[in-house]
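What follows is a single structure, written as structure tokens, with notes after it.
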Amino acid sequence: IPAPPSRVTLGDVATPALDLLLGPEASNVLSAAVAEYGCRLEDLRAADVNVDPSGAAVVMYEAGVRRADGTCTTEFLGATTGSRIPAGAAVVAGEYRGAPVEVGIWAWPRDPALPALPTASNPLLLAEMFRKFGLSTAPTLDIRPRGYRPARRAVLEVHDGRLRWFVKVVRPSA
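According to our numbering, the sequence shown is numbered sequentially starting from 1.
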């Protein structure tokens with residue numbers, strides 16, 4: 001009787017990526033990324049975690065960021081490893097557990113896998129697009145994020161004062 005095929009569990013594959021993105025090193029990785037913009041990471045909390053069967057992990061963080069002018073804002077930062085790093089993400093490279101690692105990082109709404117998201121989440125730009133297509137005459141729109149899967153899709157609830165829409169932003173290939 002032949003031996004059963006070797007099985008790899010999600011935990012076996014995902015542990016290094018999750019350890020990096022959810023452990024104490026996560027703040028070091030994200031601090032390096034925000035420092036490139038003249039900012040300092042003050043606080044970091046994982047808000048959403050997803051793992052692909054490939055072992056690539058995607059974590060969305062709520063972060064307190066101190067800007068160069070001294071103001072502190074709450075930012076939503078995405079970080080991913082492995083095959084999920086979208087082209088255009090800021091990449092922090094180094095070594096973790098003796099192996100080379102790269103982490104792709106971005107801030108909402110500038111998800112590089114969803115190039116339409118900055119326009120769709122901007123009340124003035126989306127209102128201009130709605131006017132162009134005859135959907136509304138409002139000069140601005142009220143936009144509320146309702147769902148976000150980093151590097152996959154976003155759903156926005158949009159109001160113009162009289163009507164409500166749900167806008168779904170997907171990857172160009174989708």
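Ideal placement from N, C-alpha and C gives every residue a C-beta, glycine not left out.
- Secondary structure note for E25: its alpha helix (DSSP H) is the uninterrupted segment E25 to A35.
- Following the DSSP letters along the chain, one finds F76 inside the beta strand (DSSP E) bounded by residues C72 to T81.
- Here the alpha carbon of T81 sits roughly 7 Å from the alpha carbon of A17.
- Collapsing the DSSP output to three states places F166 in a strand.
- Annotation: the continuous alpha helix (DSSP H) that includes R131 extends over P123 to K132.
- By a beta-carbon distance limit of 8 Å, E36 does not contact R66. Their separation comes to about 14 Å.
- Restricting attention to E102, R162 and A116, the CA atom closest to the CA of V29 is found in E102.
- Taking a 10 Å sphere around the C-beta of L163, we find fewer than 16 other C-beta atoms and assign the residue as exposed.
- Apart from the 5 residues on each side of it in sequence, V170 sits with its Cβ closer than 6 Å to the Cβ of R153 in its chain, given in chain order.
- Residues of the same chain with a CB within less than 6 Å of the CB of T119, apart from the 5 flanking positions on each side, are L125 in chain order.
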